[in-house]
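Asker: Residue numbering for the sequence shown follows my numbering, beginning at 8 and increasing consecutively. All C-beta atoms, glycine included, are put in the ideal place defined by N, C-alpha and C. Given the structure is predicted, the values throughout are model-derived calculations rather than measurements.
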Amino acid sequence: MIIVPPIKSQGIKTKLVDWIRSSMEGVKYERWVEPFMGTGVVGFNLRPPKALMCDSNPHIIHFYHGIKTKEITASRVRKFLTKEGNKLLDSNGTYYYEVRSRFNEEGNPLDFLFLSRSCFNGMMRFNRKGGFNVPFCKKPNRFAQALVTKISNQVKNVAQLIELGDFTFKHQDFRQTLKEINESDLVYADPPYIGRHVDYFDSWSEEEERLLHNGLNQSKAKYMLSTWLSNKYRTNEYLFSIWKDSFISSKEHFYHVGGKEKNRNSVTEALISNVPLMHSIPTNSMKLRIARGESQLTSSKQRYPIPVQLSMNLQEEEPGRGLGGHS
Ligand SMILES: C[S@@+](CC[C@H](N)C(=O)[O-])C[C@H]1O[C@@H](n2cnc3c(N)ncnc32)[C@H](O)[C@@H]1O
8 MIIVPPIKSQ GIKTKLVDWI RSSMEGVKYE RWVEPFMGTG VVGFNLRPPK
58 ALMCDSNPHI IHFYHGIKTK EITASRVRKF LTKEGNKLLD SNGTYYYEVR
108 SRFNEEGNPL DFLFLSRSCF NGMMRFNRKG GFNVPFCKKP NRFAQALVTK
158 ISNQVKNVAQ LIELGDFTFK HQDFRQTLKE INESDLVYAD PPYIGRHVDY
208 FDSWSEEEER LLHNGLNQSK AKYMLSTWLS NKYRTNEYLF SIWKDSFISS
258 KEHFYHVGGK EKNRNSVTEA LISNVPLMHS IPTNSMKLRI ARGESQLTSS
308 KQRYPIPVQL SMNLQEEEPG RGLGGHS
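1) Just reading off the alpha helix (DSSP H) that Y71 is part of, what are its end residues?
2) With DSSP run on the structure shown, which of helix, strand or coil describes R107?
3) Can you give the Cα-Cα distance for F121 and S82, rounded to whole angstroms?
4) Tell me which residue opens and which closes the alpha helix (DSSP H) that N93 is part of.
5) Any heavy atom of ligand 1 within a distance shorter than 6 Å of the CB on K75?
6) Per DSSP, which residues does A151 bridge with? Please list them.
7) Let me check understanding here. Comparing Cα to Cα, which of G114, R107, E113 and N148 lies closest to V141?
8) Is the beta carbon of P199 within less than 6 Å of some heavy atom of ligand 1?
9) Identify which residue in V48, I14 and P13 has its Cα closest to the Cα of V24.
10) What does the alpha-carbon distance come out to for the pair P42 and L168?
11) D192 to I79, Cα distance in whole Å?
12) Which residue marks the beginning of the beta strand (DSSP E) containing S233, and which one marks its end?
13) Cβ of D180 within 6 Å of any heavy atom in ligand 1?
14) Check whether the Cβ atoms of A298 and T234 lie closer than 7 Å to each other.
15) Where does V162 sit, in a helix, a strand or coil, going by DSSP?
16) Can you check whether the CB of T275 is closer than 7 Å to the CB of E259?
17) Note the first and the last residue of the continuous beta strand (DSSP E) segment covering D173.
18) Answer yes or no: the CB of N160 versus the heavy atoms of ligand 2, is any distance below 6 Å?
19) Under 7 Å, do F87 and L117 count as touching if we go by C-beta distance?
20) Can you tell me which residues form a DSSP beta bridge with T126?
21) Quick test of your reading: P55 and W39, contact by CB under 8 Å. State the CB separation rounded to the nearest angstrom.
22) Taking only heavy atoms of ligand 1 into account, decide whether any of them is closer than 6 Å to the Cβ of F174.
23) Are the CB atoms of N111 and G138 nearer to each other than 7 Å?
24) Using three-state DSSP, classify S280 as helix, strand or coil.
25) V48: beta carbon under 6 Å from a heavy atom of ligand 1?
26) Would you tell me roughly how many angstroms separate the C-alpha atoms of N115 and L236, rounded to the nearest one?
27) Quick one, are the C-beta atoms of S257 and T184 less than 7 Å apart?
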């Protein structure tokens with residue numbers, strides 16, 4: 008069973024957890040480290056004995072730290088969402104914007120959860136001043152009892168995992184996390200895609216990609232990096248420059264643009280690592296495969312079946328722009 012986290016984000020890796028888990032079979036480590044934890048879905052599902060989970064977005068960290076300290080509990084979440092959900096319904100949805108303004112002034116983690124679960128398409132996006140700016144999903148009855156129960160159960164599940172494992176949450180830039188890594192760690196890095204979009208907490212440059220590569224290699228830790236290999240328009244050339252001395256596993260992944268069946272696109276996801284993973288090949292061999300027009304997939308579809316399609320509404324991509332679906 009996949010544990011689904013209570014916070015949503017367009018970068019969430021829920022559909023790739025099983026693949027990541029099977030790819031790292033046999034890789035030994037003492038501590039799991041995520042410099043870019045996002046919703047935390049990967050770390051929570053791998054149930055490491057010990058974990059350091061970091062992100063530059065303070066709201067994510069406050070939320071999970073609140074669960075760890077028991078300031079945020081399933082029953083508090085249930086009460087809060089029921090009360091605030093009723094106000095949302097009574098206002099025919101306009102209350103969403105009151106909560107959004109309140110959150111942008113006070114940063115309450117429960118307001119963050121409310122917004123994450125009632126905003127348009129579960130997006131997480133912040134403006135230049137760091138203000139959450141996603142519009143309402145336009146469903147005034149969003150927090151019906153069934154959804155409130157589902158979200159409070161998600162909080163309960165994550166709280167149990169945090170209690171069982173030795174989880175530490177830190178609000179910090181990846182440069183700081185790189186300094187805290189040691190040889191016995193396994194690092195899972197899932198940075199934003201280069202040039203994909205600009206968000207206050209979530210933008211990424213080539214220089215940062217190089218820093219991450221160099222920092223990971225200097226740390227001597229084992230690492231895995233989630234990124235994309237290709238989409239129908241182009242190939243991620245950084246894999247053959249910055250990450251050229253690595254191993255690569257790849258998997259086809261489908262996503263919908265605008266949720267319509269006819270707009271089904273695929274992106275080839277990549278897991279880059281400094282140690283061989285199940286079915287991985289050297290990145291140079293992948294380069295040759297691409298040049299020869301051979302398959303870019305390192306494992307058969309039978310072994311890793313096509314995941315259930317995403318219902319997320321991703322931006323339509325124009326040739327030469329954007330980098331495909333990040334799920
Ligand atoms: C693609 S998401 C991670 C998704 C995550 N694996 C999941 O499944 O939910 C990238 C994350 O990196 C964080 N981030 C962006 N720039 C960062 C930086 N300089 N240092 C640390 N975290 C950063 C963002 O806030 C975002 O949560």
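Answerer: Result, derived from the coordinates:
1) The sequence position of residue 71 within the sequence shown is 64, counting from 1. In the DSSP assignment, Y71 falls within the unbroken alpha helix (DSSP H) covering P65 to K75.
2) On the sequence shown, residue 107 is found 100 positions in, with the first residue counted as 1. Helix at R107.
3) The residue you call residue 121 lines up with position 114 of the sequence shown. The residue you call residue 82 lines up with position 75 of the sequence shown. Answer to the nearest angstrom: the Cα atoms are 15 Å apart.
4) As a position in the sequence shown, residue 93 is number 86, starting the count at 1. That run of the alpha helix (DSSP H) goes A81 to D97.
5) Stepping through the sequence shown from its first residue, residue 75 is reached at position 68. For ligand 1, not one heavy atom lies less than 6 Å from the Cβ of K75.
6) To locate residue 151, count along the sequence shown from 1; it is residue 144. DSSP, once it has assigned bridges, lists no residue as partnering A151.
7) For this step, residue 141 is matched to residue 134 along the sequence shown. Of G114, R107, E113 and N148, the residue nearest in Cα terms is R107.
8) Residue mapping note: residue 199 aligns to position 192 of the sequence shown, counting from 1. Yes.
9) Indexing the sequence shown from 1 puts residue 24 at position 17. Nearest of V48, I14 and P13 to V24, Cα basis: V48.
10) Indexing the sequence shown from 1 puts residue 42 at position 35. Indexing the sequence shown from 1 puts residue 168 at position 161. Whole-angstrom Cα-Cα distance: 19 Å.
11) As a first step, residue 192 must be located in the sequence shown, where it is residue number 185. As a first step, residue 79 must be located in the sequence shown, where it is residue number 72. Cα-Cα distance, rounded: 29 Å.
12) Within the sequence shown, numbered from 1, the residue matching residue 233 stands at position 226. Unbroken beta strand (DSSP E) run through S233: K229 to N238.
13) Against the sequence shown, residue 180 aligns to sequence position 173. Yes, the beta carbon of D180 sits closer than 6 Å to at least one heavy atom of ligand 1.
14) The residue labelled residue 298 in the question sits at position 291 within the sequence shown. The residue labelled residue 234 in the question sits at position 227 within the sequence shown. Taking 7 Å as the Cβ cut-off, A298 and T234 do not qualify as a contacting pair.
15) Locating residue 162 in the sequence shown gives position 155, counting from the first residue. For V162, the three-state secondary structure derived from DSSP is helix.
16) Here residue 259 refers to the residue found at position 252 of the sequence shown. Here residue 275 refers to the residue found at position 268 of the sequence shown. Yes, the pair counts as a contact, with Cβ atoms nearer than the cut-off.
17) Numbered from its first residue, the sequence shown carries residue 173 at position 166. Residues D173 to H178.
18) Here the bound small molecules are ligand 1; ligand 2 is not part of this structure.
19) Translated into positions along the sequence shown, residue 87 becomes position 80. Translated into positions along the sequence shown, residue 117 becomes position 110. Yes, they are a contact pair.
20) Here residue 126 refers to the residue found at position 119 when the sequence shown is read from its first residue. The sequence shown places Cys at residue 126, not Thr. Answer by DSSP bridge pairing, in chain order: F143.
21) For this step, residue 55 is matched to residue 48 along the sequence shown. For this step, residue 39 is matched to residue 32 along the sequence shown. Sure, about 4 Å apart at Cβ, within 8 Å.
22) Start at 1 with the first residue of the sequence shown, and residue 174 comes out as number 167. Checking every heavy atom of ligand 1 against the Cβ of F174, none is found closer than 6 Å.
23) Residue 111 sits at position 104 when you count from the first residue of the sequence shown. Residue 138 sits at position 131 when you count from the first residue of the sequence shown. For N111 and G138, yes; Cβs fall inside 7 Å.
24) Looking up residue 280 in the sequence shown gives position 273. DSSP places S280 in strand when its eight states are reduced to three.
25) Counted from its first residue, the sequence shown places residue 48 at position 41. Within the cutoff, so yes.
26) Position 108 of the sequence shown, counting from 1, holds the residue named residue 115. Position 229 of the sequence shown, counting from 1, holds the residue named residue 236. Straight-line Cα distance between these residues: approximately 38 Å.
27) Your numbering for residue 257 matches position 250 in the sequence shown. Your numbering for residue 184 matches position 177 in the sequence shown. No, these two residues do not count as a Cβ contact at 7 Å.
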